Amino acid sequence: MNRWLLKSEPDVYSWAQLVAEGETVWNGVRNNAARLNLRAMKVGDEAFFYHSNIGKEVVGICRISREAYPDPTDESGKWVAVSVQPVRKLPQPVTLAAMKAEPALADFQLIRQSRLSVVPVRDAEWELVLRMAGSV
DNA sequence: GCCAACGTTGGC
DNA sequence: GCCAACGTTGGC
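Take any residue in the first sequence, count from 1 to its spot, add 7: that is its number in the numbering used here.
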């Protein structure tokens, strides 16, 4: 199973909204590297849900419930979406500042390429962030 | 095919 | 509000 991190500005779409809805279409991604990541996702893969701009922290874990399909908001047919469902909220959010301060996360793509909105997470990084969240 | 100009994202 | 990073566009 692969792990990922999905970014969302909480004033556009927040963790609380995902929990309330039970599932959402992750659409609107218009970046090539992000598209490759979306296409690599499998049903059952887990992803951190990260609040960008406001909060700047990982707040929860979600799961891919449907693999890449044409983004319904894209008329060109070029871009893809996936569906995601909430799994659980982290006991404590893990801030970007805390992750930047952690030497073991120096290569985390969230930090290395801050503008990418769909990012792969290595197993060791996943475990460490969970520990920082007071989970595990 | 190169590269300057410009637009967007996201942290600070 | 500013700026760095980086992707895209368009002229040549």
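Glycine included, each C-beta is placed from N, C-alpha and C at the ideal position.
As the structure is a computational prediction, the values presented were derived from the model and not from experiment.
Next on the checklist: Within the continuous beta strand (DSSP E) that includes alanine 111, where are the two ends?
Outcome noted: On the first sequence, position 104 is the one that residue 111 refers to. Per DSSP, alanine 111 belongs to no beta strand (DSSP E) and is neither H nor E.
Checklist entry - Is the distance from the Cβ of aspartate 78 to the Cβ of asparagine 34 below 8 Å? => result The residue you call residue 78 lines up with position 71 of the first sequence. The residue you call residue 34 lines up with position 27 of the first sequence. It is a contact, given that the beta carbons lie within the stated cut-off.
Item to check | Proximity of leucine 123 and asparagine 9 at Cβ, strictly below 8 Å | outcome: In the first sequence, residue 123 corresponds to position 116, counting from 1. In the first sequence, residue 9 corresponds to position 2, counting from 1. By the CB criterion at 8 Å, leucine 123 and asparagine 9 fall outside the cutoff.
Item to check | Through-space distance from lysine 107 to alanine 113, alpha-carbon basis | outcome: Counted from its first residue, the first sequence places residue 113 at position 106. Counted from its first residue, the first sequence places residue 107 at position 100. Between alanine 113 and lysine 107, the C-alpha separation is close to 7 Å.
Next on the checklist: If I follow the unbroken alpha helix (DSSP H) through alanine 27, where does it start and stop?
Outcome noted: Locating residue 27 in the first sequence gives position 20, counting from the first residue. Boundaries of the alpha helix (DSSP H) harbouring alanine 27: 22 to 28, taken from the DSSP string.
Next on the checklist: Which residues does DSSP list as the beta-bridge partners of alanine 54?
Outcome noted: Here residue 54 is taken as the residue at index 47 of the first sequence, counted from 1. Paired residues: Trp11 and Cys69.
Next on the checklist: Within 8 Å, do at least three Cβ pairs link the segment 78 to 88 to the segment 49 to 62?
Outcome noted: Contact annotation: the segment 49 to 62 does not touch the segment 78 to 88, with fewer than three C-beta pairs closer than 8 Å.
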